[in-house]
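The numbering of the sequence shown is the UniProt record's numbering, which starts it at 1 and goes up by one. Here the structure is laid out as structure tokens; the discussion comes afterwards.
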Amino acid sequence: MTVLAFENIVRYYRNGHNVLDGVGFEVQAGEVVGLLGRNGAGKTTLIQIALGVLRAQSGTVSVFGLDPAVDPMAVKQQVGYVSEDQILPEFLKVSEVLTLHRGLFPGWDADLEKELLTRFEIRTGAKIKELSKGEARQVALLCAVAHRPKLLLLDEPAGGLDPAVRREFLETSIQLLNDAGTTILFSSHYMTDVERMAGRIVMLHSGKILVDDALDNLQERFSMVLLPLEDGMTEERARALPGCIAVRRRNGSIHAILRMGREEGLQAVRQAVGAEGIRCETIPLEEMFIELLGGQP
Ligand code: ATP
Numbered sequence: 001m002t003v004l005a006f007e008n009i010v011r012y013y014r015n016g017h018n019v020l021d022g023v024g025f026e027v028q029a030g031e032v033v034g035l036l037g038r039n040g041a042g043k044t045t046l047i048q049i050a051l052g053v054l055r056a057q058s059g060t061v062s063v064f065g066l067d068p069a070v071d072p073m074a075v076k077q078q079v080g081y082v083s084e085d086q087i088l089p090e091f092l093k094v095s096e097v098l099t100l101h102r103g104l105f106p107g108w109d110a111d112l113e114k115e116l117l118t119r120f121e122i123r124t125g126a127k128i129k130e131l132s133k134g135e136a137r138q139v140a141l142l143c144a145v146a147h148r149p150k151l152l153l154l155d156e157p158a159g160g161l162d163p164a165v166r167r168e169f170l171e172t173s174i175q176l177l178n179d180a181g182t183t184i185l186f187s188s189h190y191m192t193d194v195e196r197m198a199g200r201i202v203m204l205h206s207g208k209i210l211v212d213d214a215l216d217n218l219q220e221r222f223s224m225v226l227l228p229l230e231d232g233m234t235e236e237r238a239r240a241l242p243g244c245i246a247v248r249r250r251n252g253s254i255h256a257i258l259r260m261g262r263e264e265g266l267q268a269v270r271q272a273v274g275a276e277g278i279r280c281e282t283i284p285l286e287e288m289f290i291e292l293l294g295g296q297p
């Protein structure tokens, strides 16, 4: 079942270029999609359009078959949302924020609320302004998930959180996912988090989708070959290898990023340069991000 569908979304701001310039993809029930892109690529803009907070100048978005700009309340009932700069009412106590949310969502799960309060060790008597950034985000996450949404939209939810809290935060999201088949779209600059959580990657670049693929497939499409500097290997020769998209010199060897999988890459390089002692490895997502998006503004 399609939970979220963007079709040919175009969005620009006044006097600006198209931040989103024909973006389209669908997210199926139970999928966990990592939305990646450099600063300013339009991730927040896209998530805001899914929430109905922003409208696209053209194109359509549907959440559970509804247009969030037309039917915001019906959509919000089924969606949980957490962002980096989400502002909870500062002068309210945590307990008051929870009461507010309980009233807003008929599907509020009091047991889950209790479990998360214990797990995050949240002080319900404290005012929001008395909490640290990370503690306030935990309250926001609790509010986003305790009504058991069918779709979770997370916009850079882990920014500014310490590694232990980030892990806890992710595990909470994953647990919810496992329990209820929740669909998740999340943007993040923490590639290790994305690798842990996402089954699929959507990369935005220059207003378009540069990559939309399962994480496993992506890792099968790129590899890095390590070439010893002996045998007359130079950066120039490495750059001429089949499928080579980037070259770096590291610790007495040359690293060449290839647009092909590990096995294929190894064969191609052996054929091209006949070198012994070369190795070919899969590329961590962070390297892939830098190679695919890093060089371009
Ligand atoms: P980041 O990774 O830094 O959070 P992002 O991918 O979420 O970035 P957006 O926040 O969607 O990017 O911004 C995309 C572009 O739209 C940026 O160039 C930004 O300057 C511009 N933009 C966003 N909001 C507005 C606004 N209210 N008015 C004008 N321009 C805006």
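Even for Gly, the Cβ is constructed at its ideal location relative to N, Cα and C.
Measure from the alpha carbon of residue i to the alpha carbon of each residue in the options, then state which is nearest.
| i | options | result |
| --- | --- | --- |
| residue 299 | E168, L51, L4 | Outside the shown range of the chain (1 to 297) lies residue 299, about which nothing can therefore be said. |
| D216 | L266, L285, D193 | L285 |
| S67 | A50, G80, Q78 | In the sequence on display, residue 67 carries Asp and not Ser. When only C-alpha atoms are compared, the closest one is A50. |
| V165 | Y190, I245, I184, E135 | E135 |
| D109 | A180, V75, L88 | A180 |
| V3 | K129, I184, E121, D111 | I184 |
| M1 | S62, K43, L54 | S62 |
| R148 | G243, M203, Q78 | Q78 |
| V94 | A74, G125, L112 | G125 |
| I9 | N39, Q48, N15, G103 | Q48 |
| T45 | V70, A238, K208 | K208 |
| L142 | N251, E276, R259, L88 | L88 |
| E211 | H17, G261, V23, V75 | This sequence places Val at residue 211; Glu is not what is there. Among H17, G261, V23, V75, the Cα nearest to that of V211 is on V23. |
| D231 | I254, L218, K127 | I254 |
| E7 | F25, R14, N251 | F25 |
| residue 350 | G65, A29, G30, V53 | Because the chain in this structure spans residues 1 to 297, residue 350 falls outside the shown range and cannot be described. |
| R123 | V97, F105, R102 | V97 |
| R259 | L131, A240, L116 | A240 |
| K127 | G107, F105, L92, L104 | L92 |
| I283 | G277, A256, G294, E276 | A256 |
| Q175 | L226, V139, E115 | E115 |
| R250 | R14, A29, T118, P228 | P228 |
| D213 | V27, G243, Y13 | V27 |
| S173 | H101, A140, R262 | A140 |
Which whole-angstrom value is the C-beta distance of residue i and residue j, which I expect to be below 8 Å?
| i | j | result |
| --- | --- | --- |
| L36 | I201 | 6 Å |
| E156 | S187 | 5 Å |
| E264 | V247 | Rounded, the Cβ-Cβ distance is 18 Å, inconsistent with contact. |
| V273 | C280 | 13 Å between Cβ atoms; not a contact. |
| L153 | V32 | No, L153 and V32 are not in contact; Cβ-Cβ is about 12 Å, not under 8 Å. |
| V194 | G34 | 4 Å |
| L204 | A41 | 4 Å |
| G160 | E84 | 7 Å |
Per DSSP, which residues does residue i bridge with? Please list them.
| i | result |
| --- | --- |
| P157 | BP columns for P157 are empty, so no partner. |
| M203 | L36, V211 |
| C244 | L258 |
| G80 | L152 |
| N18 | Y12 |
| I184 | V32, L152 |
| T44 | According to DSSP, T44 bridges with nothing at all. |
| K93 | K127 |
| S58 | V10 |
| M233 | Answer is none; M233 lacks a bridge partner. |
| D26 | Checking the sequence shown, residue 26 turns out to be Glu, not Asp. E26 is bridged to A5. |
| C280 | V225 |
| L88 | Beta-bridge pairing links L88 to no other residue. |
| S253 | P228, R250 |
| V63 | L4, L66 |
Please determine whether the Cβ atom of residue i lies at a distance below 7 Å from any heavy atom of ligand 1.
| i | result |
| --- | --- |
| Y13 | yes |
| K43 | yes |
| V211 | no |
| E156 | yes |
| G16 | yes |
| N39 | yes |
| V33 | no |
| V19 | yes |
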